[in-house]
Amino acid sequence: MSKEELLALLGDAVADGDGDKAVDLAKEAFETGVDPMEVLNDGASKGLSIIGARYSSGDAYLPDLVGSGAAMSAVMDLIFAQTEGTASLDTQGVVIIGQSKGDIHDIGKNVVSALLAVNGFEVHDLGTDVSVKTFYEKALEHNADIIAMSSLLTTSLPFMDDMVRYVNDTGTRERFFCIVGGGPVTADFAESIGADGWGQSAFDCVELCKKLMARGNPGSGPTIKVDSQAEGRA
Amino acid sequence: MYDIKVQRVVQNLEKSYSGRIIPMHEWDNKIIPSTTKAILKKHGLQGTLDLENPINCDDSLADAFFKAGWELALELGFYCEDTERVIKVSEEELLESIRDYPDHIVLGEGQDAVTMYPRRPESTVEPLIEASLGIVCSEEIYLPLVQGIVKYPKLVDALHGPSLATVFGHTIRSGSPLETLAGHYESKLKHEALWRAGRPGMCCVGVNSAITEYGHLGGAAEVAGRGNVTQSLCPVEMKVTFSNFHRVLHGLNNGHKLRVGAFSYIGGFAGPPEGAALTCVANDLLVPVILQSDYTSSYVYDIQLFGNCGRKALWANSVSTQAISRNTGYMRNKIVNQTGGPCTEMFMLEAAVGLMNHCVSGASISTQPRSAGGRYTDYITPVECWWTGEVFKSCAGMTRVQANEIAKALLPRYEGDLPASDKGFSVYECYDLKTQRPLPQYQELYSRVRNELIDLGMPLNNVYGDTFAGMDKDVKLHMSL
Ligand code: B12
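Those sequence lines, one after another, are chains A and B.
Here this note's numbering is used: the first residue of the first sequence is 1, the next is one more, and so on.
Here this note's numbering is used: the first residue of the second sequence is 1001, the next is one more, and so on.
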């Protein structure tokens, strides 16, 4: 099998969420002398693009995204071991995500979480009903770049305000981007609480996180608002 | 003594301490997708989605979904998030529940009481409407808004009501002590609004400001007995939490009927529309057993469209609703999730197609409306409640074939806008809370769309012959603000 064929198969295995097959193919690629970074960029990562496109066209579903994310992680672990930790496998950034206190609506947040993961972010999903303190402690523990809060309930929005004030009051505002989203969360609301960013959909959230990572300097600059459907809505 | 339901709930709670242990991640991402897929395959149901015919007219397909849903219910049961164990049910339990199920339920009391009946597809029995759907409104307009919602006795049968984000001007945080107070306060406001509207015995459903069980504990006793209802909604897919059990037990403690729901998502863990239809059938079978509901509140939702008025969700709701209507006497609440907001044609068309579908497929009741997806404070007016009542009730007696043709004619008028629909206008911009009338632009829109749909074959003048002027003869409102 040619190198190209092998890498294409690897991409398909990641897209299909078949972790075992992806790991076997990656091993085979190393054995035939393919550079680990090529395995990553021209093989496994392609699979993530494939699954992203399948999801947005309605041909793949939430568990498929999760499966691809897991297959990708398995390949990354292997590459990391292969290069004895020297490969620069820098993630796009580290994200702590969860559903605001009191809120158990988690499907939208799960989609955001999975899409961030398939787009190369290291995601720590804290689940539902997460207190401001837990968000903060986990952000410190994982040395996060971004704290992403989701809420579908108007009565759980005040916790987003609490979060931004908490990082301010603990003198750590410049360490974490605070971003918000979910049903009732509007761009104006995000701005009013001094969040770094807001996104309308899960795809917008990925865009938003990339923009923030490129911009740098949490807590400074205007709230970035991403709404790819805005034109249709106007 | 206690209702027999209490004993059964306790038995199921016990099961939640002894069932098989599974990590939640595995339940969501492995067990639900693989089991759903395998059962669809076994019953030949993969690829049965019919986008050209969004309202299913094929009885044998509905029956096949029933058989497959029965199997799924028995194979999986519900997952208890708090104990990370599975609550399974036996075939005997499923059969016993169907056998012992009542042939009607009375909601409310006195002259405001209404009766809900099981409905088969194409039933001529009028279904019921509970309004509105817990959309947040400003505290100062709660009373007049509710008065308007229940204004026309033939359109709205039970009060679900808006919910609150402040109490005495203080911001409510979910699960905080203010939520406990808000639950009580909301129940009191509902009583007063119903009394002002001249419908004091109308059934109150749920405590909407009860984000957690605290709000419910705060408000349930205030609306005890008198044919009122507790609502308890389960996480997706096929899961239950102690918060659900808390609400059910509060409800039973207070002599309430129980409305319990478990939703299914197209694009979520159950995958394609066929998968969501299948889990929806299983949910409608399991909820009455595990949480002892008097009526269920399960339906299919499409996560990519943020609602259920697109073709895929219409089809999945039609086939799953018909599956249960044709094979059991269960009464079910089926919700339409509109995405358009108040005073938009989008909302009116989504509501018309969605409710016509639920009606001809055999739903007994619907909680409405979900104006603008229910997202924005004060984006709810009484008019959407009335419209959903007119449509849902008027369609009783239509055939599925007729409904399918009308759906096919209306869908192209709105489906392209579904991913980015118009949130419309807030109550202040399109409704007069003093006169309890829509503002002229909304009144015109309402009459225009209503007439267009009548011309298309929807018998919307079945309940009230004429809009507004005709309807007003029926108003009991005896006090304005
Ligand atoms: C399904 C549902 C439920 C399910 C949730 C199941 C689950 N596991 O998620 C159940 C039945 C459990 C439920 C319960 C309740 N619900 Co509910 N629910 C809904 C419903 C119908 C759909 C929500 C949904 O999943 N949408 C689809 C997802 C994909 O959208 P999304 O979450 O917004 O996420 C997208 C974007 O917002 C974005 N995004 C999400 N998070 C983030 C984060 C960031 C940082 C960014 C950038 C972007 C982003 O990306 C996602 C994908 O594109 C909505 C109504 C509606 N039409 O939206 C009501 C709704 C949210 N619920 C509501 C209410 C009131 C309740 C209850 C309080 C009812 C009650 N009294 O018991 C309880 C609360 C329980 C609790 N403590 O949380 C209200 C909230 C009103 C409000 N403004 O506060 C709504 C709006 C219904 C209404 N009134 O019309 N609910």
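For every residue, glycine included, the Cβ atom is placed at its ideal position computed from N, Cα and C.
No experiment lies behind these values; they were computed from the predicted model shown.
- Taking 8 Å as the cut-off, the Cβ atoms of residue 1290 of chain B and residue 1066 of chain B do not count as close.
- Using beta-carbon distances, residue 1303 of chain B counts as an interface residue toward chain A, with a partner under 8 Å.
- Looking only at B/1435, B/1152, B/1101, the smallest Cα-Cα distance to residue 1004 of chain B is reached by B/1101.
- C-alpha of residue 22 of chain A to C-alpha of residue 84 of chain A: approximately 20 Å in a straight line.
- Here the C-alpha atom of residue 1172 of chain B lies approximately 32 Å from the C-alpha atom of residue 217 of chain A.
- At a cut-off of 7 Å, the beta-carbon of residue 198 of chain A counts as near the ligand B12: some heavy atom of the ligand is closer than that.
- The three-state reading of DSSP puts residue 1049 of chain B in coil, since its state is none of H, G, I, E or B.
- The criterion of a C-beta distance shorter than 8 Å is satisfied by residue 39 of chain A and residue 29 of chain A.
- Beyond the five residues adjoining it in sequence on each side, residue 226 of chain A comes within less than 6 Å, by CB distance, of 199, 204, 207, 208 in the same chain, given in chain order.
- Not one heavy atom of the ligand B12 is found less than 7 Å from the C-beta of residue 1340 of chain B.
- The C-beta of residue 1425 of chain B comes no closer than 8 Å to any C-beta of chain A.
- DSSP places residue 116 of chain A within a helical segment (H, G or I) once states are collapsed to three.
- When secondary structure is reduced to three states using DSSP, residue 1451 of chain B falls in the helix class.
- Bounds of the beta strand (DSSP E) holding residue 1230 of chain B are 1229 to 1234.
- The beta-carbon of residue 1283 of chain B is placed no less than 8 Å from the nearest beta-carbon of chain A.
- A contact between stretches requires three or more CB pairs, one per stretch, nearer than 8 Å, and the segment 1148 to 1164 of chain B meets this requirement with the segment 1386 to 1394 of chain B.
- Put simply, the CB of residue 158 of chain A is near chain B, with a gap under 8 Å to one of its CB atoms.
- Taking CB atoms only, residue 1375 of chain B has a neighbour in chain A less than 8 Å away.
- At a cut-off of 8 Å between beta carbons, residue 1211 of chain B contacts chain A.
- Cα atoms of residue 41 of chain A and residue 1160 of chain B: separation of roughly 54 Å, rounded to the nearest angstrom.
- Relative to the Cα of residue 130 of chain A, the nearest Cα in the group A/148, A/36, A/122, A/143 belongs to A/148.
- Cβ proximity to chain A below 7 Å picks out 1265, 1267, 1268, 1269, 1271 from the segment 1249 to 1271 of chain B.
- For residue 77 of chain A, there is no enclosing beta strand (DSSP E); the enclosing alpha helix (DSSP H) covers residues 62 to 82.
- Under the Cβ distance rule, residue 212 of chain A does not count among the residues neighbouring chain B, no pair being separated by less than 8 Å.
- For residue 1173 of chain B, a Cβ of chain A is located within less than 8 Å of the residue's own Cβ.
- For the segment 92 to 124 of chain A, the residues whose beta carbon sits under 9 Å from a beta carbon of chain B are, in order, 100, 101, 102, 103, 104, 105, 106, 107, 108, 110, 111.
- One Cα belongs to residue 1038 of chain B, the other to residue 1108 of chain B, and the distance between them is close to 44 Å.
- For residue 1086 of chain B, there is no enclosing alpha helix (DSSP H); the enclosing beta strand (DSSP E) covers residues 1085 to 1087.
- Rounded to whole angstroms, residue 171 of chain A and residue 1313 of chain B show a C-alpha spacing of 48 Å.
- Taking the beta carbon of residue 1038 of chain B as reference, no residue of chain A falls within 8 Å; the closest one sits roughly 14 Å away.
- In the three-state DSSP reduction, residue 1130 of chain B falls in the strand class (E or B).
- DSSP, read as helix, strand or coil, puts residue 177 of chain A in strand.
- The way I'd put it, the segment 1007 to 1021 of chain B does touch the segment 1075 to 1093 of chain B; three or more beta-carbon pairs between them come closer than 8 Å.
- Residue 1259 of chain B is bridged by DSSP to B/1231, B/1295.
- Inter-residue distance for residue 1194 of chain B and residue 1306 of chain B is about 32 Å (C-alpha atoms, whole angstroms).
- DSSP places residue 1007 of chain B inside the alpha helix (DSSP H), whose first and last residues are 1004 to 1015.
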